[in-house]
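**Q** Below is a structure I'd like to ask you about.
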Amino acid sequence: MQDTKTLSNFLAVAGKKFQTHPSDIAQEIHQALVSDLIPQQSSVVEAAPVDFSLSSFLQDGKSDLISLLLQCSDLLSWREAGFGKLPEEFSKRIFASEIIGPKGIIDNPSMRVGLLLQLDHVAYPKHWHSAEELYLVLLGEAHWSVDDGSPEVRSPENFVHHKSNQPHSMTTIEEPLLAMWGWTGDIDGQSYSV
37 MQDTKTLSNF LAVAGKKFQT HPSDIAQEIH QALVSDLIPQ QSSVVEAAPV
87 DFSLSSFLQD GKSDLISLLL QCSDLLSWRE AGFGKLPEEF SKRIFASEII
137 GPKGIIDNPS MRVGLLLQLD HVAYPKHWHS AEELYLVLLG EAHWSVDDGS
187 PEVRSPENFV HHKSNQPHSM TTIEEPLLAM WGWTGDIDGQ SYSV
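Okay, structure coming up:
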């Protein structure tokens with residue numbers, strides 16, 4: 037029970053961070069994160085589950101947000117990222133956990149919010165999807181490229197916004213990347229393409 041209260045606290049603190057971004061999607065995510073959230077009674081079963089623990093990775097976190105996440109990390113279910121469409125050399129090194137959404141700890145049929153962990157020295161190839169997406173970098177750095185633009189380094193506290201069907205990629209160098217993401221619009225994942 038303490039884990040779910042800590043999860044609610046983590047989401048509320050994250051919601052305040054999303055509120056600072058000027059986009060409409062950030063405000064939608066903020067509203068979802070600070071509302072009364074009720075976890076589902078049954079555990080989430082992922083299609084491509086990953087036996088992974090954030091505990092060792094989060095030891096390096098210095099913020100209140102990361103401390104809260106560490107306390108509730110046992111609630112998270114992880115899967116390979118990419119809806120089964122990423123080549124294996126990437127899917128075994130990029131993981132997602134859906135916290136809010138159709139397959140999340142907290143059910144929401146119209147939005148997905150979760151975490152992405154990309155291990156070090158991984159180039160997540162250019163991909164796109166119908167959902168509008170907003171990332172908040174929590175730990176680590178990555179070189180992000182949107183459309184055909186030059187990669188830009190994104191560090192903790194940075195946001196990265198992707199419009200619907202906008203191609204984007206990210207590459208980690210010396211350290212893994214942990215980011216919180218939100219999807220709105222067409223969130224079913226069938227449009228995800230690499």
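Numbering (this note's numbering), first residue to last: 37 to 230. Note that beta-carbon positions come from the ideal geometry of N, C-alpha and C, so glycine has one too. Here the structure is a predicted model, which means the values were calculated and not measured.
1) Measure how close the beta-carbons of L101 and F46 come, nearest whole angstrom, since I'm counting them as under 8 Å.
2) Decide yes or no for the touch test of the segment 136-151 against the segment 181-195: beta carbon pairs closer than 8 Å, at least 3 of them.
3) Pick out whichever of N201, K162, A117 has its Cα sitting closest to the Cα of E169.
4) So, do the segment 62-73 and the segment 118-129 have three or more beta carbon pairs nearer to each other than 8 Å?
5) What is the residue span of the beta strand (DSSP E) that L213 lies within?
6) Starting from T40, follow its DSSP beta bridges and name the residues at the other end.
7) Quick check: S205 and K162, are their CB atoms within less than 7 Å of each other?
8) Taking Cβ to Cβ, would you say H179 is nearer than 7 Å to T207?
9) By the DSSP assignment, the alpha helix (DSSP H) with E177 in it spans what residues?
10) Contact defined as beta carbons within less than 8 Å: I believe S133 pairs with S113. What is the distance between those atoms, to the nearest angstrom?
11) Assign L152 to one of three DSSP states: helix, strand, or coil.
12) In angstroms with no decimal places, state the Cα-to-Cα distance between E210 and V173.
13) From the DSSP output, in three-state form, read off H66 for me.
14) For P145, is the classification buried or exposed, using 16 other Cβ atoms within 10 angstroms of its Cβ as the cut-off for buried?
15) Any Cβ of chain C within less than 7 Å of the Cβ of G137?
16) For I245, count neighbouring C-beta atoms within 10 Å of its own C-beta (all shown protein chains included) and say buried if the count is 16 or more, exposed if not.
17) Specify the secondary structure class of E210 as computed by DSSP and reduced to three states.
18) Suppose only complete runs of 4+ residues qualify. What are the alpha helix (DSSP H) ranges in the segment 119-171, listed by chain order?
19) With DSSP collapsed to three states, give me the class of S109.
20) Could you check the C-alpha separation between D184 and P203 for me, to the nearest Å?
**A** In terms of the structure at hand:
1) Counting from one through the sequence shown, the residue named residue 101 turns up at place 65. Counting from one through the sequence shown, the residue named residue 46 turns up at place 10. Confirmed, Cβ separation roughly 7 Å.
2) no
3) Along the sequence shown, read from residue 1 onward, the residue named residue 169 stands at position 133. Nearest of N201, K162, A117 to E169, Cα basis: N201.
4) no
5) Numbered from 1 along the sequence shown, position 177 holds the residue referred to as residue 213. Element bounds for L213: 213-220.
6) Counting from one through the sequence shown, the residue named residue 40 turns up at place 4. Answer is none; T40 lacks a bridge partner.
7) Here residue 205 corresponds to residue number 169 of the sequence shown, with the count starting at 1. Here residue 162 corresponds to residue number 126 of the sequence shown, with the count starting at 1. Taking 7 Å as the Cβ cut-off, S205 and K162 qualify as a contacting pair.
8) Residue 179 sits at position 143 when you count from the first residue of the sequence shown. Residue 207 sits at position 171 when you count from the first residue of the sequence shown. Contact flag set, yes.
9) In the sequence shown, residue 177 corresponds to position 141, counting from 1. Element bounds for E177: n/a, residue is neither H nor E.
10) Indexing the sequence shown from 1 puts residue 133 at position 97. Indexing the sequence shown from 1 puts residue 113 at position 77. S133 to S113, Cβ: 6 Å. Contact.
11) Reading the sequence shown from its first residue, position 116 is the one you call residue 152. Three-state result, L152: strand.
12) Here residue 210 refers to the residue found at position 174 when the sequence shown is read from its first residue. Here residue 173 refers to the residue found at position 137 when the sequence shown is read from its first residue. So the two alpha carbons sit approximately 16 Å from each other.
13) Against the sequence shown, residue 66 aligns to sequence position 30. H66: helix per DSSP, three-state reduction.
14) One-based indexing of the sequence shown puts residue 145 at position 109. Counting Cβ neighbours within 10 Å, P145 comes out exposed, since fewer than 16 surround it.
15) This model lacks chain C altogether; it includes just one protein chain.
16) Any question about residue 245 goes unanswered here, given that the chain covers just 37 to 230.
17) Sequence index remark: in the sequence shown, residue 210 carries index 174 (1-based). If DSSP states are grouped into helix, strand and coil, E210 belongs with coil.
18) 124-127
19) To locate residue 109, count along the sequence shown from 1; it is residue 73. Three-state result, S109: helix.
20) The residue you call residue 184 lines up with position 148 of the sequence shown. The residue you call residue 203 lines up with position 167 of the sequence shown. Using only the alpha carbons, I get a separation of about 8 Å.
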